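Chemist:
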Amino acid sequence: MSPTAELVKRTVERHGTQRESLLPILQDIVKAQHYLTDEAMVEVANLLDLSAAEVYGTASFYTFLDLKPRGENIIRICKTITCYMKGKDEIIKAIEDRLKIKLGETTSDGKFSFLAANCIGWCHEGPAMLINDKVYTKLTPKKAIDAINEYYD
Amino acid sequence: MVMDREEKVKKLNEHKEKVNQIFQPINFCEILDKTIQMNPEEIISEVTESGLRGRGGAGFPTGLKWKFASEQDSDVKYIIANADEGEPGTFKDRQILEEQAEKMFVGMALCARAIGAKEGFIYLRAEYNYLKPDLEARLEKFHGCLKDKGLEFAISIRSGSGAYVCGEETSLIESMEGKRGEPRNKPPYPISNGYLGQPTVVNNVETLVYTAMIIHMGHEQFKALGTKDSRGAKVFSVSGDADVEGIYELELGMTIQEFVDLFGDGDTKAVQVGGSSGFCVPRKKFGETIIGFEGVPTGGSMMLFNSSRSMYHVLHNYLEFFCEESCGQCTPCRVGSQQLLKGIEAIKKGDKPASYLEELKKLAETMRISSKCGLGQSIPNPFLSIVENFREEIIF
Chain A
837 MSPTAELVKR
847 TVERHGTQRE
857 SLLPILQDIV
867 KAQHYLTDEA
877 MVEVANLLDL
887 SAAEVYGTAS
897 FYTFLDLKPR
907 GENIIRICKT
917 ITCYMKGKDE
927 IIKAIEDRLK
937 IKLGETTSDG
947 KFSFLAANCI
957 GWCHEGPAML
967 INDKVYTKLT
977 PKKAIDAINE
987 YYD
Chain B
-3 MVMDREEKVK
7 KLNEHKEKVN
17 QIFQPINFCE
27 ILDKTIQMNP
37 EEIISEVTES
47 GLRGRGGAGF
57 PTGLKWKFAS
67 EQDSDVKYII
77 ANADEGEPGT
87 FKDRQILEEQ
97 AEKMFVGMAL
107 CARAIGAKEG
117 FIYLRAEYNY
127 LKPDLEARLE
137 KFHGCLKDKG
147 LEFAISIRSG
157 SGAYVCGEET
167 SLIESMEGKR
177 GEPRNKPPYP
187 ISNGYLGQPT
197 VVNNVETLVY
207 TAMIIHMGHE
217 QFKALGTKDS
227 RGAKVFSVSG
237 DADVEGIYEL
247 ELGMTIQEFV
257 DLFGDGDTKA
267 VQVGGSSGFC
277 VPRKKFGETI
287 IGFEGVPTGG
297 SMMLFNSSRS
307 MYHVLHNYLE
317 FFCEESCGQC
327 TPCRVGSQQL
337 LKGIEAIKKG
347 DKPASYLEEL
357 KKLAETMRIS
367 SKCGLGQSIP
377 NPFLSIVENF
387 REEIIF
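Protein sequence lines correspond, in order, to chains A and B. Heads up: the first sequence begins at 837 in the numbering used here, then just goes up one per residue. Heads up: the second sequence begins at -3 in the numbering used here, then just goes up one per residue.
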């Protein structure tokens, strides 16, 4: 059994095969593999007795269930107007320079993907971003780069 | 009249002394004791009498929602706390969950007792995943307290996956059922056909906390604040060009002018009330516009813009947001949001004449009446209120 198939099997065992478990299953797979491979989706479909199209259709609806290869860590910078007003463009520029990629891309070492997100709920302390599940607020270019450096030992 | 920061903080503290319900520490086990002594009818009547309306933005009377759900003939019912706080400019539910999650659990237990549910869920947006470990630990304690009192009720947490539309209650339910978060046709409403086809109450986090406070202090005290149409207080998320940004609980029924005097930087030209899907109020209407259901209803998002801001830019940002977050199921919303965005870009560039704006306004009106859910129906709110009040900024 491939590592992906094994991961899917374990995840499905944990959540059960009912349809309501589909999202928690997909969320856990993304947590482990950073995105959903075709193989993972087909495996999930088999185990939940759904068509692969049904699983793909559901997964592709949600921004946080990525279908494209993503880095080990995902940066999501808030692009709402209030974060813009506090200078999020400057932060984007600083992160792009640090990681040598553009917004929307993944570093060649697979360490980071850099994405934009809609409001993450920190408007009063913008600019704000998430790295995986951790939130960073009141960003300055320096604070943003320090935050990224935490993930390079 | 411009107050300096110190005066503002003083004034805000006066407001806090007067209101302070949501963030006031209370003993949740005590409210549970009170709950046990009340029968479902008493709970529903207390919540109904308070005049509480949903705090997520739509403003449906909470007591009525609970009453309808209680009348459903079913052994299995659910209560869902809507913690999918995705409206741009809103962040109050996050702080409530961080500081007063137990009060929300109590609100859920109250609703469960009122309608006859044994199971509850918290639908937590993925952007707030970091709250989950803490919430789970607090839930465990809460479940212990329920067990000691012999109450049969359990709450579990479900995560969202980054879809704004899932804040709409039927989309939320679809998502919980493991499907695309596309809104359902209504009726039937969730109160009769909700999660897994069973009667379900979906309430906003803040609404549930207020129900706990209403039972704790009695409906009279809740009702003493606010106006005839907008009873009680409300938690506001204040951001933008304000010197005292943050989360504030204020009495409903203030005018925008009073609000701007408290929060603005002295140069406020517009306030966007209710987030991207809300209304833009220009300076000349500050005095006459009431914050509440009789004026501008709001889920609590208040974004202030001063005269250095381009309202074209603001509207552009909101429309980009809707183009991304429209679920795509119905044509008026999916295509309409894109056409509005392309339309204002074309006018700005000079590819379309200024008169094209009239066409776009008609399109917005069509979206209001023909979109399937609240998302598409409310895109005209920011569009029309910005275009009508800041026409020059959109064209030139």
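Think of the CB as a built atom: it goes at the ideal place given N, C-alpha and C, for glycine as much as any other residue. On a predicted model such as this, the values are computed, not experimentally measured, just so you know.
(1) C959/A bridges to which residues according to DSSP?
(2) Could you compute how far the alpha carbon of F319/B sits from the alpha carbon of Q335/B?
(3) List the residues of chain A that F259/B touches, going by C-beta distances under 9 angstroms, in chain order.
(4) Report the residue ranges of all beta strand (DSSP E) runs contained in full by the segment 80 to 112 of chain B; include only those spanning at least 3 residues, in chain order.
(5) Could you spell out where the beta strand (DSSP E) holding T411/B opens and where it closes?
(6) Between E173/B, V72/B, Y314/B, D29/B, which has its C-alpha nearest G146/B's C-alpha?
(7) Just the Cα atoms here: how many angstroms apart are L371/B and F948/A?
(8) Along the chain, which unbroken stretches of the alpha helix (DSSP H) at least 4 residues long are found entirely within the segment 6 to 84 of chain B?
(9) Just the C-alpha distance for E941/A and I375/B, rounded to the nearest angstrom, thanks.
(10) Could you say if the segment 36 to 44 of chain B and the segment 60 to 68 of chain B meet the contact criterion of at least three C-beta pairs nearer than 8 angstroms?
(11) Could you check what DSSP says for K990/A in three-state terms: helix, strand or coil?
(12) Please determine, among Y988/A, H960/A, P905/A, Y871/A, the residue with the shortest C-alpha to C-alpha distance to K922/A.
(13) Decide if A895/A is buried, meaning its Cβ has at least 16 other Cβ atoms within 10 Å, or exposed.
(14) So what's K978/A in DSSP terms, helix, strand or just coil?
(15) Out of curiosity, what's the CA-to-CA distance linking L903/A and T873/A?
(16) Any beta carbon from chain B within less than 8 angstroms of T916/A's own beta carbon?
(17) Taking buried to mean at least 16 other C-beta atoms within 10 Å of its own C-beta, is T327/B buried or exposed?
(18) Hey, could you find the ends of the beta strand (DSSP E) A220/B is sitting in?
(19) Does the distance from the C-beta atom of V161/B to that of S152/B stay below 8 angstroms?
(20) Indicate the three-state DSSP secondary structure (helix, strand or coil) for F948/A in the structure shown.
(21) Between I900/A and G177/B, which are expected to be in contact by the criterion C-beta below 8 angstroms, what is the C-beta distance as a whole number of angstroms?
(22) If you measure beta-carbon to beta-carbon, which residues of the segment 227 to 247 of chain B are closer than 8 angstroms to chain A?
(23) Confirm, please, whether the CB-CB distance from A964/A to C919/A is below 8 angstroms.
(24) Please work out which residues of its chain come closer than 8 angstroms, Cβ to Cβ, to E173/B, disregarding the five sequence neighbours upstream and downstream, and give them in chain order.
(25) Any beta carbon from chain B within less than 8 angstroms of V848/A's own beta carbon?
(26) Return the first residue and the last residue of the beta strand (DSSP E) that S381/B is part of.
(27) Which of the three DSSP states, helix, strand or coil, is assigned to K338/B?
(28) Does the beta-carbon of P349/B have 16 or more other beta-carbons within 10 angstroms, so that it is buried, or is it exposed?
(29) Using a Cβ cut-off of 9 angstroms, which residues of the segment 19 to 32 of chain B contact any Cβ in chain A, in chain order?
(30) Indicate whether at least one CB of chain A lies closer than 8 angstroms to the CB of R90/B.
(31) Taking DSSP as the reference, what is the three-state secondary structure of P183/B?
(32) Let's test the definition: count the other Cβ atoms within 10 Å of the Cβ of Y308/B and tell me whether it reaches 16, buried, or not, exposed.
(33) In whole angstroms, what separates the C-alpha of D263/B from that of N199/B?
(34) Using a threshold of 8 angstroms, state whether the C-beta atoms of H870/A and E932/A are closer than that.
(35) Output needed in chain order: residues of the segment 890 to 918 of chain A with a Cβ under 7 angstroms from some Cβ in chain B.
Modeler: Quick answer:
(1) Counted from its first residue, the first sequence places residue 959/A at position 123. DSSP lists no bridge partner for C959/A.
(2) Position 323 of the second sequence, counted from the first residue, corresponds to residue 319/B. Position 339 of the second sequence, counted from the first residue, corresponds to residue 335/B. Here residue 319/B is Cys; the residue named in the question, Phe, does not match the sequence. Each residue's Cα considered, the two are about 9 angstroms apart.
(3) As a position in the second sequence, residue 259/B is number 263, starting the count at 1. What F259/B touches in chain A: nothing, since even the nearest Cβ is about 11 angstroms away.
(4) none
(5) Beyond the ends of chain B as shown, which are -3 and 392, falls residue 411/B; an answer cannot be given.
(6) In the second sequence, the residue the question calls residue 146/B occupies position 150. Answer by Cα proximity: D29/B.
(7) Mapped onto the second sequence, residue 371/B falls at position 375. Mapped onto the first sequence, residue 948/A falls at position 112. Between L371/B and F948/A, the alpha-carbon positions lie close to 33 angstroms from each other.
(8) 24 to 33, 36 to 46, 58 to 66
(9) For this step, residue 941/A is matched to residue 105 along the first sequence. For this step, residue 375/B is matched to residue 379 along the second sequence. In a straight line, the C-alpha of E941/A is about 30 angstroms away from that of I375/B.
(10) yes
(11) Nothing can be reported for residue 990/A, as the shown portion of chain A is limited to 837 through 989.
(12) For the purposes of this step, residue 922/A is taken as residue 86 along the first sequence, with counting starting at 1. K922/A has its Cα closest to that of H960/A, out of Y988/A, H960/A, P905/A, Y871/A.
(13) Working through the first sequence from its first residue, we reach residue 895/A at position 59. Counting Cβ neighbours within 10 Å, A895/A comes out buried, since at least 16 surround it.
(14) The count along the first sequence starts at 1 and reaches residue 978/A at position 142. Helix at K978/A.
(15) Within the first sequence, the letter at position 67 stands for residue 903/A. Within the first sequence, the letter at position 37 stands for residue 873/A. Taking the straight line from one Cα to the other gives about 7 angstroms.
(16) For the purposes of this step, residue 916/A is taken as the residue at position 80 of the first sequence. Output row for T916/A: interface = yes.
(17) Locating residue 327/B in the second sequence gives position 331, counting from the first residue. Per the 10 Å Cβ criterion, exposed.
(18) Counting from 1 along the second sequence, the entry for residue 220/B is found at position 224. Counting along the chain, A220/B falls outside any beta strand (DSSP E), and DSSP gives it neither H nor E.
(19) On the second sequence, residue 161/B is found 165 positions in, with the first residue counted as 1. On the second sequence, residue 152/B is found 156 positions in, with the first residue counted as 1. No.
(20) On the first sequence, position 112 is the one that residue 948/A refers to. F948/A: strand per DSSP, three-state reduction.
(21) To locate residue 900/A, count along the first sequence from 1; it is residue 64. To locate residue 177/B, count along the second sequence from 1; it is residue 181. Residue identity check: residue 900/A is Phe in the sequence provided, not Ile. In fact, because the Cβ distance is near 12 angstroms, the residues do not count as touching under 8 angstroms.
(22) Per Cβ criterion, the list reads S233, V234, S235, G236, D237, E241, G242, I243.
(23) In the first sequence, the residue the question calls residue 919/A occupies position 83. In the first sequence, the residue the question calls residue 964/A occupies position 128. Yes; because the gap between Cβ atoms is below 8 angstroms, this pair is in contact.
(24) On the second sequence, position 177 is the one that residue 173/B refers to. So the qualifying residues of the chain are Y191, L192.
(25) Locating residue 848/A in the first sequence gives position 12, where the first residue counts as 1. Judged by the 8 angstroms Cβ criterion, V848/A is not in contact with chain B.
(26) Counting from 1 along the second sequence, the entry for residue 381/B is found at position 385. Looking at the DSSP string, S381/B is not in any beta strand (DSSP E); the run it does join, the alpha helix (DSSP H), is 376 to 385.
(27) Position 342 of the second sequence holds residue 338/B. Helix, per DSSP.
(28) For the purposes of this step, residue 349/B is taken as residue 353 along the second sequence, with counting starting at 1. Label assigned to P349/B: exposed.
(29) Taking 9 angstroms as the upper bound on Cβ-Cβ separation, chain A lies near no residue of the segment 19 to 32 of chain B.
(30) Here the question's residue 90/B lines up with position 94 in the second sequence. At least one chain A Cβ lies under 8 angstroms of R90/B.
(31) In the second sequence, residue 183/B corresponds to position 187, counting from 1. Correct three-state label for P183/B: coil.
(32) Looking up residue 308/B in the second sequence gives position 312. The residue in question, Y308/B, is buried, as its Cβ has 16 or more Cβ neighbours within 10 Å.
(33) As a first step, residue 263/B is located in the second sequence; it is residue number 267 there, counting from the start. As a first step, residue 199/B is located in the second sequence; it is residue number 203 there, counting from the start. Computed Cα separation, rounded: 37 angstroms.
(34) Here residue 870/A refers to the residue found at position 34 when the first sequence is read from its first residue. Here residue 932/A refers to the residue found at position 96 when the first sequence is read from its first residue. Contact: no.
(35) G893, T894, F897, Y898, T899, F900, L901, T916, I917, T918
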